[in-house]
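Asks:
Residue numbers (my numbering), protein chains in the order written: chain X, 1 to 440; chain Z, 1001 to 1440.
1. Under 8 Å by Cβ, that's how I've got residue 424 (chain X) and residue 341 (chain X) pegged, so tell me the actual separation to the nearest angstrom.
2. With distance defined between alpha-carbon atoms, name the residue in X:161, X:17 and X:374 nearest to residue 145 (chain X).
3. Let me make sure I understand the geometry here. Which of Z:1410, Z:1405 and Z:1426 has the alpha-carbon closest to that of residue 1417 (chain Z)?
4. List, in chain order, every chain X residue whose beta-carbon is nearer than 8 Å to that of residue 1379 (chain Z).
5. Under DSSP, the alpha helix (DSSP H) around residue 140 (chain X) begins and ends at which residues?
6. For residue 1117 (chain Z) and residue 1102 (chain Z), what's the separation of their Cα atoms in angstroms?
7. Quick one: complete beta strand (DSSP E) runs, 3+ long, within the segment 123–191 of chain X?
8. Residue 337 (chain X) touches chain Z at which residues, Cβ-Cβ below 8 Å?
9. Using the three-state DSSP reduction, which class does residue 1002 (chain Z) fall into: helix, strand or coil?
10. Can you check whether the C-beta of residue 438 (chain X) is within less than 8 Å of a C-beta belonging to chain Z?
11. Which bits of chain X does residue 1364 (chain Z) rub up against, with CB to CB less than 7 Å?
12. For the segment 309–316 of chain X against the segment 328–336 of chain X, do three or more pairs of beta-carbon atoms, one drawn from each stretch, fall closer than 8 Å, so that the two count as touching?
13. For the alpha helix (DSSP H) holding residue 1072 (chain Z), just list the boundary residues, first then last.
14. Determine the chain C residues that contact residue 333 (chain X) at a beta-carbon separation under 8 Å, and present them in chain order.
15. Would residue 356 (chain X) pass as an interface residue toward chain Z - the criterion being a Cβ-Cβ separation below 8 Å?
16. What does a CB cutoff of less than 6 Å around residue 1004 (chain Z) pick up in its chain, not counting 5 residues either side in sequence?
17. Do you know whose CA, among Z:1346, Z:1354, Z:1363 and Z:1434, lies nearest residue 1379 (chain Z)'s CA?
18. How would you list, in chain order, the residues of chain Z whose beta-carbon sits under 9 Å from the beta-carbon of residue 324 (chain X)?
19. Within the 8 Å Cβ cut-off, does residue 1340 (chain Z) reach chain X?
20. In whole angstroms, what is the alpha-carbon distance linking residue 396 (chain X) and residue 56 (chain X)?
21. Using the Cα positions of residue 1222 (chain Z) and residue 1259 (chain Z), report the straight-line distance between them to the nearest angstrom.
22. Roughly how many angstroms separate the alpha carbons of residue 130 (chain X) and residue 123 (chain X), rounded to a whole number?
23. Please report the straight-line C-alpha distance between residue 429 (chain X) and residue 382 (chain X), rounded to a whole angstrom.
24. Nearer than 7 Å: is that true of the beta carbon of residue 1174 (chain Z) relative to any heavy atom of the ligand MN?
25. Just the Cα atoms here: how many angstroms apart are residue 19 (chain X) and residue 2 (chain X)?
26. I'd like the span of the alpha helix (DSSP H) that includes residue 396 (chain X), first residue to last.
27. Do you know whose CA, among Z:1257, Z:1030 and Z:1364, lies nearest residue 1240 (chain Z)'s CA?
28. Nearest to residue 308 (chain X) by CA position, among X:41, X:210 and X:402, is which residue?
29. With a threshold of 8 Å, are at least 3 pairs of Cβ atoms found where one atom belongs to the segment 196–209 of chain X and the other to the segment 151–165 of chain X?
30. Would you call the CB atoms of residue 107 (chain X) and residue 171 (chain X) closer than 8 Å?
31. If we require 4 or more residues per run, which alpha helix (DSSP H) segments fall completely within the segment 1298–1330 of chain Z?
32. Rounded to the nearest angstrom, how far is the Cβ of residue 1183 (chain Z) from that of residue 1090 (chain Z), given a contact under 8 Å?
33. Count the other CB atoms within 10 Å of the CB of residue 302 (chain X); is the residue buried (16 or more) or exposed (fewer)?
34. Straight-line CA distance for residue 1267 (chain Z) to residue 1029 (chain Z)?
35. In this structure, does DSSP put residue 36 (chain X) in helix, strand or coil?
36. What are the boundary residues of the beta strand (DSSP E) that includes residue 103 (chain X)?
Quick look at the structure:
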């Protein structure tokens, strides 16, 4: 399926954020790159982009992006970008003789919307418009959004000033080439060369289907406020990870997403963030081992800080389309080393103070228990998903472990902390092995 | 697909091993259970068993087995078991009106043979015989085997005394009900009521296809020598595990399969063996921690012994059809604990002797390195299979680690051993992380 993206407009309300609207970054990624990568996640690999205003900046960027993403991007130039956006669509007429997706360069969306849309192609001569039937959607700018009215799955009215409406136009269309003819007729007969004009004309013939996006995310980024709303919306999605433990959910994530928002503006890779978090943990372990309460307390704070940063690698990867199996694994391996060093530092601290063998043994049991918890996590998760038929439910994990280290260090109770971690982690490991055994 | 199994004969040459041949155990599992479980592995779940001699023992056993295996077993009784085996087949005539598999209760075989056979059903009115075209197969008893000659995929002669032959009859057939009619005709016209007689008659009409088993394992267990050969053959298969490290392959497995052979005769579960191996490792760790060379050396020997027993759980599981995902995981979890305790015992031993912090740190690094090696093993294996397109190749693992502990203890070099393990295991972990990274 080919995809046409309209990126010719001037976007004057965002001009202070950058002089080419499609290239304005949101969480470090230009708007048009987000559109192309989201569409790519839905399986689209062949793009036609209509550029106009500042096209000499947009086109080289897209050429580079095409290589990085492994997609093809063909340029269509519209020098009449000051006029209605229907003209931009019309420029693509000669390139598109089959059904195609039509997207706006400044509309963010959940790739799931495209997947739904692609399931039911419109009949020949018709088009389908993805609509947001939630008219209470507070991310929508009521002064600027295109309103629609639909009945029985067909569009009946469209326009910015529509008083009687029951949905919003998301700017996402699944089209047939019939749209081009409608745009030409609208321009010639009504003097209206806007995209809405062409759609309105087709709606009059009952040739515009509507498909509700079912509450999925979309956003038209037209001004600085919308840009900020978009960043907040993407960051909010990061906070809803089903496996997150309570410390992650209520303490670490709220802080880490704020850090990730800042980090996303810089060319820092998720693996580099993993390494930084690891280095901070190492430093904390060294502070533990140095002895004395001030170093212990400072180490505890650093350890908790490292645990917070440890959330950022995955968050930045997700908001910058850099997720990878390797990245997740690399982070997990570093986390295991970090945990072990923290606990060894704490053990050293406690043992140097008392010289009691039991301290050494307890520290060893805390290290092994923490490891076993990670070692058994994947198997346990898989089993729980299978047996309980649910993906939800947190598991005892790293967030709790490091939080105990943090508290224990602040309270100057290294041995009690080791004892608690050793008991909890090994007990949970044994519980997992027990509940996982075959029935009967 | 239904499966008919002939289990009526007396098997007098094995009578001193048990008074009902199908129930004589081979590595702890009765011959007929092996046949049914092997067929079940090839996807067969509906069995008809012709019992005769000592059928009052065979039938209750099969009823219990059916429940344990989740298959159905229907009994067919042949009181004429002293006569030719074709009569046993004929007793099943009224039960089988569709193509069916025909197996002998005393023939062991690789389930892959059935899978191959089931791929190409014979045309109506014909049957297919699985043949072993390797006439040099030294597991075959030349005085007793049924010899065959085939040309162009068709059987042309069959008999125990055939001088000019090019394959052996494996006793594995894919039949159509046409076989029953041939058996009746052979008995009536030739006075030959043996299975071979019926097959010979069909061969005369070109209605017996042959399929070579391609070197797969099969064995007719007719006498104590064959029983021993069968045990050795199954044990030999255990020794060829592609991921086995060098210590496993050349030291541990040759010993562990001998132990497994003995263990298989007792009602001991694989998980119980895992627990025993773990307990022996714990004992070794305690000996290490006690201090003094004699305890150290004894601990080293025990550790290596535990490592050898650690192979038996999987071996017994395989030869007794008790393999399970949980069993493998349970063993892995216990192994991680065992490794950690052994290394902690060794660290304690070395630290108590010297009191040097570097010893403690080295022991800690050995424990963490060993853990990381196991933690990264699955991911690394999967990746190597993918990238190198091969399933072969050993990985550095537990066998080497414990062998170093064994040697180090014997040579009274606990610190050097910890140093070596720490260096090797962490270096290998880092190497894995490095080679696994994404290209580019």
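From the three backbone atoms N, C-alpha and C, an ideal C-beta is built for every residue, glycine too.
Here the structure is a predicted model, which means the values were calculated and not measured.
Replies: Once the coordinates are examined:
1. Counting from one through the first chain, the residue named residue 424 (chain X) turns up at place 424. Counting from one through the first chain, the residue named residue 341 (chain X) turns up at place 341. Contact doesn't hold; Cβ gap of about 19 Å is too wide.
2. Sequence index remark: in the first chain, residue 145 (chain X) carries index 145 (1-based). It is X:161 whose Cα lies nearest to the Cα of residue 145 (chain X).
3. Mapped onto the second chain, residue 1417 (chain Z) falls at position 417. The residue with the shortest Cα to Cα distance from residue 1417 (chain Z) is Z:1405.
4. Stepping through the second chain from its first residue, residue 1379 (chain Z) is reached at position 379. Within chain X, the C-beta atoms nearer than 8 Å to that of residue 1379 (chain Z) come from 329, in chain order.
5. The residue you call residue 140 (chain X) lines up with position 140 of the first chain. DSSP places residue 140 (chain X) outside any alpha helix (DSSP H), giving it a letter other than H or E.
6. Residue mapping note: residue 1117 (chain Z) aligns to position 117 of the second chain, counting from 1. Residue mapping note: residue 1102 (chain Z) aligns to position 102 of the second chain, counting from 1. Taken atom to atom, the span from the alpha-carbon of residue 1117 (chain Z) to that of residue 1102 (chain Z) is near 11 Å.
7. 127–132, 147–151, 154–159 and 167–175, all fully within the segment 123–191 of chain X.
8. One-based indexing of the first chain puts residue 337 (chain X) at position 337. From the beta-carbon of residue 337 (chain X), the residues of chain Z found nearer than 8 Å are 1368 and 1372.
9. Sequence index remark: in the second chain, residue 1002 (chain Z) carries index 2 (1-based). If DSSP states are grouped into helix, strand and coil, residue 1002 (chain Z) belongs with the strands.
10. On the first chain, residue 438 (chain X) is found 438 positions in, with the first residue counted as 1. Contact with chain Z is found for residue 438 (chain X), since one of that chain's Cβ atoms lies less than 8 Å from the residue's Cβ.
11. Residue numbering aside, residue 1364 (chain Z) sits at position 364 when the second chain is read from its first letter. Going along chain X in sequence order, the residues near residue 1364 (chain Z) (Cβ under 7 Å) are 344.
12. With the cut-off at 8 Å, the segment 309–316 of chain X and the segment 328–336 of chain X touch.
13. Here the question's residue 1072 (chain Z) lines up with position 72 in the second chain. Segment 1072–1077 is the beta strand (DSSP E) holding residue 1072 (chain Z); no alpha helix (DSSP H) there.
14. Any reference to chain C falls outside this structure, whose protein chains are X and Z.
15. Within the first chain, the letter at position 356 stands for residue 356 (chain X). So no, residue 356 (chain X) is outside the interface.
16. The residue given as residue 1004 (chain Z) occupies position 4 in the second chain. The answer, listed in chain order, is 1048, 1092, 1100 and 1102.
17. The count along the second chain starts at 1 and reaches residue 1379 (chain Z) at position 379. The option with the nearest alpha carbon to residue 1379 (chain Z) is Z:1434.
18. Start at 1 with the first residue of the first chain, and residue 324 (chain X) comes out as number 324. Ordered by position in chain Z, the residues that pass the 9 Å Cβ test against residue 324 (chain X) are 1438.
19. Here residue 1340 (chain Z) refers to the residue found at position 340 when the second chain is read from its first residue. Answer yes: the Cβ-Cβ gap between residue 1340 (chain Z) and chain X drops below 8 Å somewhere.
20. As a working mapping, residue 396 (chain X) is identified with position 396 in the first chain. As a working mapping, residue 56 (chain X) is identified with position 56 in the first chain. The alpha-carbon atoms of residue 396 (chain X) and residue 56 (chain X) are separated by roughly 53 Å.
21. Indexing the second chain from 1 puts residue 1222 (chain Z) at position 222. Indexing the second chain from 1 puts residue 1259 (chain Z) at position 259. Spanning the two alpha carbons is a distance of roughly 25 Å.
22. On the first chain, position 130 is the one that residue 130 (chain X) refers to. On the first chain, position 123 is the one that residue 123 (chain X) refers to. In this model, residue 130 (chain X) and residue 123 (chain X) are separated by some 15 Å (Cα to Cα).
23. As a position in the first chain, residue 429 (chain X) is number 429, starting the count at 1. As a position in the first chain, residue 382 (chain X) is number 382, starting the count at 1. Computed Cα separation, rounded: 15 Å.
24. Summarising the ligand content, the structure contains no ligands, and the ligand MN is consequently not present.
25. Locating residue 19 (chain X) in the first chain gives position 19, where the first residue counts as 1. Locating residue 2 (chain X) in the first chain gives position 2, where the first residue counts as 1. So the alpha carbons of these two residues sit roughly 28 Å apart.
26. Mapped onto the first chain, residue 396 (chain X) falls at position 396. Careful: residue 396 (chain X) lies outside any alpha helix (DSSP H) and carries neither H nor E.
27. Your numbering for residue 1240 (chain Z) matches position 240 in the second chain. Residue Z:1257 is the option with its Cα nearest to residue 1240 (chain Z).
28. Indexing the first chain from 1 puts residue 308 (chain X) at position 308. If we check each option's Cα against that of residue 308 (chain X), X:402 comes out closest.
29. These segments touch.
30. If you number the first chain from 1, residue 107 (chain X) lands on position 107. If you number the first chain from 1, residue 171 (chain X) lands on position 171. Contact flag set, yes.
31. Positions of the alpha helix (DSSP H) runs, each at least 4 residues long and wholly inside the segment 1298–1330 of chain Z, cannot be given because no such run exists.
32. By 1-based counting over the second chain, the position of residue 1183 (chain Z) is 183. By 1-based counting over the second chain, the position of residue 1090 (chain Z) is 90. Right, the Cβ-Cβ distance comes to about 5 Å (below 8 Å), so this counts as a contact.
33. Position 302 of the first chain holds residue 302 (chain X). Classification for residue 302 (chain X): buried.
34. Within the second chain, residue 1267 (chain Z) is the residue found at index 267, counting from 1. Within the second chain, residue 1029 (chain Z) is the residue found at index 29, counting from 1. Straight-line spacing of the CA atoms in residue 1267 (chain Z) and residue 1029 (chain Z) works out to 10 Å.
35. Along the first chain, one-based indexing puts residue 36 (chain X) at 36. In this structure, residue 36 (chain X) counts as helix in the three-state DSSP scheme.
36. Looking up residue 103 (chain X) in the first chain gives position 103. Per DSSP, the unbroken beta strand (DSSP E) holding residue 103 (chain X) starts and ends at 100–104.
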